Amino acid sequence: MKKILLISLIMSLNVMAESDQFNPAFLQQLKVLRDQALDSQLAYEITESLTTEVGARLAGSPGDAKAVAWAQAKFKELGFDRVMTEPVPLKRWTRGQETARILSPFPHNLAITALGRTHPTPDEGITAEVVHFATLADLQAADKSEVAGKITFISERMVRSQDGSGYGKAVAGRGLTAQVTAAKGGVAAIIRSIGTDNNRTPHTGGARYDKDIPSVPAGAISNPDADLLVNMLKRNKPVTLQLKLTSHWDGDYTSQNVIGDMLGSEKPDEYIVIGCHLDSWDLGTGALDDAAGCGITMAAAKLIHDTIGPLKRTIRVVLWANEEYGISGAIAYHEAHKNELKQHILGGESDLGADKIYALGTRVAESALPTVDTMMSLLKPLDIEYAGNQGSSGADLIPMRRAGMAVFGLKQDASSYFDYHHTANDTLDKINPESMAQNVAAWIVVTALAAEADHDFGFGLSEE
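Following this line, the structure appears as structure tokens:
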């Protein structure tokens with residue numbers, strides 16, 4: 017009986033704490049909106065619009081310019097109070113042709129895609145023997161004599177997981193293999209795609225580029241082709257590969273961050289920043305990465321504004337430019353707003369597809385945790401748990417986070433995301449509208465409570 021009374025007391029205190037922080041009528045409106053959002057198709061409709069009317073939008077390409085125009089028009093159509101663009105200078109990279117063929121001992125064509133920012137091969141391509149390493153660490157430990165004059169091949173496979181942690185473990189090979197190969201005298205590099213599928217659709221992605229560090233042409237082959245190459249190498253016969261990649265740097269370009277504000281009623285110059293990256297790789301239509309994030313956050317802001325009305329703080333939705341090969345938009349945004357960083361109260365980015373959210377992580381001041389508790393009381397009916405106060409957020413918030421802005425991350429189930437990530441299969445049919453609606457409901461809860469809170473969420477706690 018004492019235990020039951022204690023639980024009842026704690027629940028009563030939590031309800032009282034919520035009432036003290038927020039107007040009960042506001043909380044009731046928010047609960048109703050959360051539930052209504054589960055039946056909303058708005059995020060899906062926005063995503064369909066971007067992927068159909070624009071499609072692929074590699075930074076610096078014609079699709080990039082079309083996406084900027086689309087975003088401005090869509091913000092205005094949705095009724096955002098203020099719509100603006102900010103310039104994002106970048107170096108333009110173009111893909112070109114990409115072929116790979118095993119010449120001996122058993123001729124095969126390989127499904128390959130160039131890694132972003134990679135150098136081109138000579139016009140006639142590169143023909144050389146393949147040397148195999150299971151991991152990047154094995155390549156780094158190899159003697160130069162093992163690598164000189166050869167094409168390196170890293171066969172490490174990404175492990176599937178709900179939180180996508182397998183990506184972080186494998187992706188270093190994509191980033192560094194070309195530079196390590198060059199340092200050891202190799203002539204080109206290929207890696208197993210960083211993906212969890214078994215399709216012959218290679219996964220692109222950025223390779224590390226530093227103008228003062230030598231590199232070599234680099235590509236990723238599909239998982240089945242990587243398996244084929246491993247099997248061939250097991251036979252202890254020299255494997256000769258012919259590789260042609262004509263990707264190259266193509267001058268300077270200015271893209272745009274596109275910003276939509278729903279202005280606050282009391283603190284219009286304080287911002288709750290949410291958003292996505294507007295660019296995508298050029299192989300698919302970028303539905304999961306990251307048109308979905310744009311649809312989710314744009315829809316959340318509009319539904320809050322239309323249903324509850326203006327909140328105390330401004331809800332700012334940023335569609336960042338060129339996340340994929342340089343986080344150029346994130347860097348430009350930080351530079352443009354460096355004198356008003358403390359007006360950026362809390363930030364989060366949706367950039368892991370559209371499957372259901374299972375957890376909320378935060379990095380906020382301890383004094384803001386009661387509001388996080390309120391968030392969790394409204395998120396639990398969506399089957400979302402709390403992941404603690406050591407959280408992070410998307411890549412486009414890295415500069416602001418390092419400068420001290422408080423952040424949150426709504427963690428999506430990434431179990432199938434990396435089947436399609438950075439491939440030609442990243443298309444609208446991979447999105448489940450029901451799961452996407454659950455995302456919108458969660459973003460509504462966190463964004464609205466942050467925008468209506470009387471306190472800030474801390475500054476300087478997120479420095480790295």
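Per the numbering used here, the sequence shown runs over residues 17 to 480.
Just so it is clear, CB atoms sit at the ideal spot from N, CA and C, and this is done for glycine as well.
Keep in mind the model is a prediction, meaning the values are calculated, not measured.
Cβ separation of residue i and residue j, assumed to be a contact under 8 Å, to the nearest whole Å
{"i": "Asp306", "j": "His321", "result": "Not really, about 22 Å apart at Cβ, beyond 8 Å."}
{"i": "Val423", "j": "Asn405", "result": "Wrong, their Cβ atoms sit about 11 Å apart, outside the cutoff."}
{"i": "Ala234", "j": "Ile206", "result": "7 Å"}
{"i": "Ser65", "j": "Val456", "result": "About 16 Å separates the two Cβ atoms, so there is no contact after all."}
{"i": "Glu339", "j": "Ala411", "result": "6 Å"}
{"i": "Leu319", "j": "Ala53", "result": "6 Å"}
{"i": "Val333", "j": "Met314", "result": "6 Å"}
{"i": "Ile447", "j": "Tyr60", "result": "7 Å"}
{"i": "Asn441", "j": "Asn215", "result": "7 Å"}
{"i": "Gly420", "j": "Gly476", "result": "4 Å"}
{"i": "Thr193", "j": "Thr168", "result": "6 Å"}
{"i": "Ile62", "j": "Gly345", "result": "Their Cβ separation, rounded to whole angstroms, is 19 Å, which puts Ile62 and Gly345 out of contact at 8 Å."}
{"i": "Ile324", "j": "Gln45", "result": "5 Å"}
Distance between residue j and residue i (C-alpha atoms, nearest Å)
{"i": "Leu453", "j": "Glu468", "result": "For the record, residue 453 in the displayed sequence is Ala; it is not Leu. The straight-line gap from Cα to Cα measures roughly 22 Å."}
{"i": "Pro218", "j": "Val104", "result": "29 Å"}
{"i": "Arg329", "j": "Gly425", "result": "20 Å"}
{"i": "Gly184", "j": "Thr129", "result": "20 Å"}
{"i": "Ala33", "j": "Pro386", "result": "For Ala33, the predicted model reports a pLDDT of 49, less than 50, meaning its position is unreliable; a value from the coordinates is still stated below. About 8 Å."}
{"i": "Gly112", "j": "Ser263", "result": "5 Å"}
{"i": "Leu261", "j": "Ala127", "result": "13 Å"}
{"i": "Gly342", "j": "Gly180", "result": "21 Å"}
{"i": "Gly309", "j": "Leu259", "result": "35 Å"}
{"i": "Ser171", "j": "Thr212", "result": "13 Å"}
{"i": "Ala316", "j": "Glu114", "result": "40 Å"}
{"i": "Pro78", "j": "Met100", "result": "20 Å"}
{"i": "Leu21", "j": "Thr390", "result": "Low local confidence applies: a pLDDT of 38 at Leu21 is under 50, so the model's placement there is unreliable, and no value is given."}
{"i": "Tyr225", "j": "Ala198", "result": "12 Å"}
{"i": "Leu249", "j": "Leu119", "result": "13 Å"}
{"i": "Lys92", "j": "Trp459", "result": "21 Å"}
{"i": "Val461", "j": "Ala157", "result": "49 Å"}
{"i": "Lys358", "j": "Gln178", "result": "34 Å"}
{"i": "Gly201", "j": "His438", "result": "29 Å"}
{"i": "Ala85", "j": "Ile275", "result": "12 Å"}
{"i": "Leu25", "j": "Ile361", "result": "Any reading at Leu25 needs caution, since the residue's pLDDT is 40, under 50, leaving its predicted position unreliable; the model's value is listed next. Distance between the alpha carbons of Leu25 and Ile361 is about 32 Å."}
{"i": "Lys90", "j": "Leu335", "result": "12 Å"}
Assigned exposure category for residue i - 16 Cβ within 10 Å defines buried
{"i": "Val203", "result": "buried"}
{"i": "His471", "result": "exposed"}
{"i": "Val175", "result": "exposed"}
{"i": "Thr68", "result": "exposed"}
{"i": "His124", "result": "exposed"}
{"i": "Leu395", "result": "buried"}
{"i": "Glu365", "result": "buried"}
{"i": "Asn355", "result": "exposed"}
{"i": "Gln195", "result": "buried"}
{"i": "Ser238", "result": "buried"}
{"i": "Met27", "result": "Here the model assigns Met27 a pLDDT of 39, short of 50, so the residue's position is not dependable, and the following value carries that caveat. It counts as exposed."}
{"i": "Asp51", "result": "exposed"}
{"i": "Ala153", "result": "exposed"}
{"i": "Phe473", "result": "buried"}
{"i": "Ile229", "result": "exposed"}
{"i": "Asp295", "result": "buried"}
{"i": "Ala83", "result": "buried"}
{"i": "Leu209", "result": "Here the sequence assigns Ser to residue 209, which means Leu is not the residue at that position. When all chains shown are included, Ser209 counts as buried."}
{"i": "Glu286", "result": "buried"}
{"i": "Gln409", "result": "For clarity, residue 409 is Ser in the given sequence; the question names Gln instead. That one is buried."}
{"i": "Arg73", "result": "buried"}
{"i": "Val48", "result": "exposed"}
{"i": "Asn247", "result": "exposed"}
{"i": "Arg418", "result": "exposed"}
{"i": "Ala75", "result": "buried"}
{"i": "Thr463", "result": "buried"}
DSSP beta-bridge partners of residue i
{"i": "Trp265", "result": "Trp109"}
{"i": "Leu376", "result": "Tyr402, Leu426"}
{"i": "Ile170", "result": "Phe149, Ile207"}
{"i": "Tyr287", "result": "Thr330, His360"}
{"i": "Met248", "result": "In DSSP, Met248 forms no bridge with anything."}
{"i": "Gly481", "result": "Here the chain comprises residues numbered 17 to 480, so residue 481 is not present and cannot be evaluated."}
{"i": "Glu114", "result": "Leu261"}
{"i": "Arg98", "result": "Asp277"}
{"i": "Phe475", "result": "Met421"}
{"i": "His293", "result": "Trp336"}
{"i": "Val104", "result": "Ser271"}
{"i": "Leu126", "result": "Ala116"}
{"i": "Thr212", "result": "Looking at the DSSP assignment, Thr212 forms no beta bridge with any residue, so it has no partner."}
contact_flag[the stretch 250-259, the stretch 128-145] where n(CB pairs < 8 Å) is 3 or more = yes
Is it true that the stretch 263-274 meets the stretch 155-167, where meeting means three or more beta-carbon pairs spaced less than 8 Å apart?
-> no
The stretch 425-440 / the stretch 271-286 touching (three or more Cβ pairs under 8 Å) | no
Please confirm if the stretch 365-379 is in contact with the stretch 398-415, defined as three or more CB-CB distances below 8 Å between the two stretches.
-> yes
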